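Participant: Got a structure for you, written out below as C-alpha coordinates; questions coming shortly.
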Amino acid sequence: MKTQLIYNNILNIVTVITVTMFFSCNDSFKQVQKMGISENEPIGIDYNINLKYTDSGRVTANLISTKALDYSNRDFPFNEFLDGVTLYVYDKDNKKSTVVADYAIVYSNTDLIDMQNNVVITTYDNKVLKTEQLFYDKKKEWLYTNEPVSFKTETDIIHGNGFDSNSKFTNAEVLEVTGIITLED
(Lines of atoms letter the chains of each structure in order from A and count residues from 1; the text may use other names and numbers.)
(Lines give C-alpha, C1' and ligand atoms only; values in the text may rest on other atoms or scores of the structure.)
Protein backbone atom coordinates (compact mmCIF):
# COMPACT_ATOMS: atom_id res chain seq x y z
CA MET A 1 0.00 0.00 0.00
CA LYS A 2 2.80 2.37 0.90
CA THR A 3 4.52 1.54 -2.38
CA GLN A 4 1.30 2.27 -4.29
CA LEU A 5 0.95 5.66 -2.54
CA ILE A 6 4.55 6.60 -3.39
CA TYR A 7 4.02 5.43 -6.98
CA ASN A 8 0.84 7.58 -7.29
CA ASN A 9 2.59 10.64 -5.83
CA ILE A 10 5.52 10.22 -8.23
CA LEU A 11 3.10 9.73 -11.14
CA ASN A 12 1.20 12.90 -10.15
CA ILE A 13 4.44 14.90 -9.85
CA VAL A 14 5.70 13.62 -13.24
CA THR A 15 2.31 14.45 -14.84
CA VAL A 16 2.34 17.99 -13.41
CA ILE A 17 5.93 18.56 -14.58
CA THR A 18 5.16 17.15 -18.05
CA VAL A 19 2.05 19.31 -18.47
CA THR A 20 3.93 22.38 -17.23
CA MET A 21 6.80 21.72 -19.62
CA PHE A 22 4.41 21.14 -22.51
CA PHE A 23 2.68 24.49 -22.06
CA SER A 24 5.88 26.43 -21.39
CA CYS A 25 7.59 24.79 -24.41
CA ASN A 26 4.62 25.68 -26.58
CA ASP A 27 5.06 29.39 -25.74
CA SER A 28 8.83 29.14 -26.18
CA PHE A 29 8.38 27.44 -29.55
CA LYS A 30 6.20 30.33 -30.74
CA GLN A 31 8.84 32.79 -29.58
CA VAL A 32 11.57 30.84 -31.39
CA GLN A 33 9.47 30.86 -34.57
CA LYS A 34 9.15 34.65 -34.33
CA MET A 35 12.88 34.99 -33.84
CA GLY A 36 13.47 33.14 -37.12
CA ILE A 37 12.47 36.27 -39.06
CA SER A 38 13.02 39.21 -36.76
CA GLU A 39 11.52 42.56 -37.69
CA ASN A 40 14.87 44.12 -36.84
CA GLU A 41 16.75 42.09 -39.42
CA PRO A 42 16.47 42.39 -43.20
CA ILE A 43 14.65 39.65 -45.04
CA GLY A 44 17.29 39.82 -47.77
CA ILE A 45 20.65 41.36 -48.66
CA ASP A 46 21.67 42.18 -52.24
CA TYR A 47 25.25 42.81 -53.37
CA ASN A 48 26.65 44.47 -56.51
CA ILE A 49 23.30 45.71 -57.79
CA ASN A 50 22.88 46.88 -61.36
CA LEU A 51 19.14 47.32 -62.01
CA LYS A 52 17.82 48.65 -65.29
CA TYR A 53 14.30 50.06 -65.52
CA THR A 54 12.65 50.00 -68.91
CA ASP A 55 9.55 51.50 -70.47
CA SER A 56 8.41 50.07 -73.80
CA GLY A 57 11.84 48.50 -74.34
CA ARG A 58 13.75 51.74 -73.67
CA VAL A 59 16.04 52.03 -70.62
CA THR A 60 14.72 54.87 -68.46
CA ALA A 61 16.94 54.40 -65.39
CA ASN A 62 19.93 52.40 -64.20
CA LEU A 63 20.49 51.92 -60.45
CA ILE A 64 23.93 50.85 -59.23
CA SER A 65 24.86 50.03 -55.62
CA THR A 66 27.21 47.68 -53.81
CA LYS A 67 24.80 46.64 -51.03
CA ALA A 68 21.08 46.88 -50.31
CA LEU A 69 19.05 45.56 -47.38
CA ASP A 70 15.44 44.45 -47.94
CA TYR A 71 13.10 45.20 -45.01
CA SER A 72 9.87 44.24 -46.77
CA ASN A 73 9.04 42.09 -43.71
CA ARG A 74 8.20 45.20 -41.68
CA ASP A 75 4.85 46.88 -41.18
CA PHE A 76 6.31 49.91 -43.01
CA PRO A 77 8.54 48.20 -45.62
CA PHE A 78 11.66 49.78 -47.11
CA ASN A 79 14.96 49.07 -48.87
CA GLU A 80 18.15 50.54 -47.49
CA PHE A 81 21.28 51.29 -49.55
CA LEU A 82 24.07 51.45 -46.98
CA ASP A 83 27.11 51.88 -49.20
CA GLY A 84 25.69 54.51 -51.47
CA VAL A 85 23.80 54.57 -54.70
CA THR A 86 24.27 55.92 -58.22
CA LEU A 87 21.25 56.39 -60.43
CA TYR A 88 21.37 57.26 -64.12
CA VAL A 89 18.08 58.63 -65.46
CA TYR A 90 17.43 58.85 -69.20
CA ASP A 91 14.82 61.15 -70.72
CA LYS A 92 12.82 60.35 -73.88
CA ASP A 93 15.71 61.70 -76.03
CA ASN A 94 18.14 59.39 -74.16
CA LYS A 95 19.84 62.34 -72.40
CA LYS A 96 21.40 61.18 -69.13
CA SER A 97 21.16 62.80 -65.70
CA THR A 98 23.01 61.38 -62.67
CA VAL A 99 22.03 61.13 -59.01
CA VAL A 100 24.66 60.10 -56.42
CA ALA A 101 24.25 59.69 -52.64
CA ASP A 102 26.28 57.96 -49.94
CA TYR A 103 23.11 56.50 -48.39
CA ALA A 104 19.48 56.04 -49.46
CA ILE A 105 16.20 54.55 -48.25
CA VAL A 106 13.29 53.69 -50.55
CA TYR A 107 9.94 53.44 -48.74
CA SER A 108 7.68 51.01 -50.60
CA ASN A 109 4.27 52.10 -49.28
CA THR A 110 4.74 55.83 -49.86
CA ASP A 111 6.98 55.79 -52.96
CA LEU A 112 9.30 58.18 -51.12
CA ILE A 113 13.08 58.07 -51.56
CA ASP A 114 15.31 59.61 -48.89
CA MET A 115 18.86 60.27 -50.12
CA GLN A 116 21.49 61.35 -47.59
CA ASN A 117 25.13 62.40 -47.31
CA ASN A 118 26.91 63.98 -50.27
CA VAL A 119 23.84 64.03 -52.50
CA VAL A 120 24.70 65.35 -55.98
CA ILE A 121 22.38 65.58 -58.96
CA THR A 122 23.88 66.48 -62.31
CA THR A 123 21.37 67.00 -65.10
CA TYR A 124 22.05 66.34 -68.77
CA ASP A 125 22.28 70.13 -69.33
CA ASN A 126 24.91 70.54 -66.55
CA LYS A 127 22.77 71.89 -63.74
CA VAL A 128 24.21 70.63 -60.45
CA LEU A 129 22.42 70.36 -57.11
CA LYS A 130 24.41 69.52 -53.96
CA THR A 131 22.96 68.90 -50.50
CA GLU A 132 23.20 66.54 -47.52
CA GLN A 133 19.62 65.25 -47.76
CA LEU A 134 17.10 65.18 -50.57
CA PHE A 135 13.68 63.59 -50.81
CA TYR A 136 12.09 62.38 -54.03
CA ASP A 137 8.36 61.70 -54.24
CA LYS A 138 7.99 59.18 -57.07
CA LYS A 139 4.21 59.64 -57.40
CA LYS A 140 4.43 63.42 -57.73
CA GLU A 141 7.85 63.32 -59.45
CA TRP A 142 8.98 66.01 -57.00
CA LEU A 143 12.34 66.74 -55.32
CA TYR A 144 12.63 68.71 -52.08
CA THR A 145 14.75 69.42 -49.01
CA ASN A 146 14.99 71.89 -46.15
CA GLU A 147 18.74 71.35 -45.82
CA PRO A 148 21.38 73.80 -47.11
CA VAL A 149 21.88 73.50 -50.88
CA SER A 150 24.13 74.69 -53.67
CA PHE A 151 22.50 74.84 -57.10
CA LYS A 152 24.55 75.61 -60.21
CA THR A 153 22.72 76.78 -63.31
CA GLU A 154 24.15 78.02 -66.62
CA THR A 155 24.61 81.51 -65.20
CA ASP A 156 24.69 81.28 -61.37
CA ILE A 157 25.62 79.28 -58.32
CA ILE A 158 22.82 79.78 -55.80
CA HIS A 159 23.19 78.90 -52.11
CA GLY A 160 20.20 78.56 -49.82
CA ASN A 161 18.32 76.59 -47.20
CA GLY A 162 15.92 74.34 -49.07
CA PHE A 163 15.05 73.31 -52.58
CA ASP A 164 11.87 72.50 -54.52
CA SER A 165 11.59 71.19 -58.06
CA ASN A 166 9.87 68.80 -60.39
CA SER A 167 12.02 65.92 -61.57
CA LYS A 168 12.88 67.65 -64.84
CA PHE A 169 14.23 70.77 -63.06
CA THR A 170 12.03 73.01 -65.25
CA ASN A 171 10.81 74.94 -62.20
CA ALA A 172 13.71 74.48 -59.76
CA GLU A 173 13.71 76.91 -56.86
CA VAL A 174 16.30 77.45 -54.13
CA LEU A 175 14.51 78.45 -50.92
CA GLU A 176 15.81 81.01 -48.40
CA VAL A 177 18.59 82.17 -50.72
CA THR A 178 21.76 83.01 -48.76
CA GLY A 179 24.00 83.95 -51.70
CA ILE A 180 24.31 84.08 -55.47
CA ILE A 181 27.50 83.92 -57.46
CA THR A 182 27.17 84.96 -61.10
CA LEU A 183 29.32 82.96 -63.49
CA GLU A 184 31.21 84.69 -66.27
CA ASP A 185 31.25 83.34 -69.81
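Per my numbering, numbering of the sequence shown is gapless, rising by one per residue and ending at 217.
Glycine included, each C-beta is placed from N, C-alpha and C at the ideal position.
All figures in this text were calculated on a predicted structure; none of them were measured in a lab.
1. Can the beta-carbon of Asp143 be found closer than 8 angstroms to that of Ala136?
2. Keeping to the same chain, check which residues put their C-beta closer than 6 angstroms to that of Lys170; ignore five residues upstream and five downstream.
3. Please classify Leu14 as buried or exposed, where buried requires at least 16 neighbouring CB atoms within 10 angstroms.
4. In the structure shown, what three-state DSSP assignment does Phe183 receive?
5. Quick one: what does DSSP say Thr129 is sitting in, helix, strand or coil?
6. Consult DSSP for Tyr139 and reduce its assignment to one of helix, strand or coil.
7. With distances taken Cα to Cα, identify the nearest neighbour of Pro74 among Gly116, Asn111, Gln148 and Val152.
Facilitator: Considering the structure as presented:
1. Position 111 of the sequence shown, counting from 1, holds the residue named residue 143. Position 104 of the sequence shown, counting from 1, holds the residue named residue 136. No, Cβ-Cβ distance for Asp143 and Ala136 is not below 8 angstroms.
2. The residue you call residue 170 lines up with position 138 of the sequence shown. Cβ neighbours of Lys170 beyond the five flanking positions: Asp143.
3. Because the chain in this structure spans residues 33 to 217, residue 14 falls outside the shown range and cannot be described.
4. Working through the sequence shown from its first residue, we reach residue 183 at position 151. It is a strand residue.
5. Taking the sequence shown and counting its residues from 1, the one referred to as residue 129 is at position 97. Residue identity differs from the one stated: residue 129 is Ser in this sequence, not Thr. In this structure, Ser129 counts as strand in the three-state DSSP scheme.
6. Walking along the sequence shown from the start, residue 139 turns up at place 107. It is a strand residue.
7. As a working note, residue 74 is residue 42 in the sequence shown. With distances taken between Cα atoms, Pro74 lies closest to Asn111.
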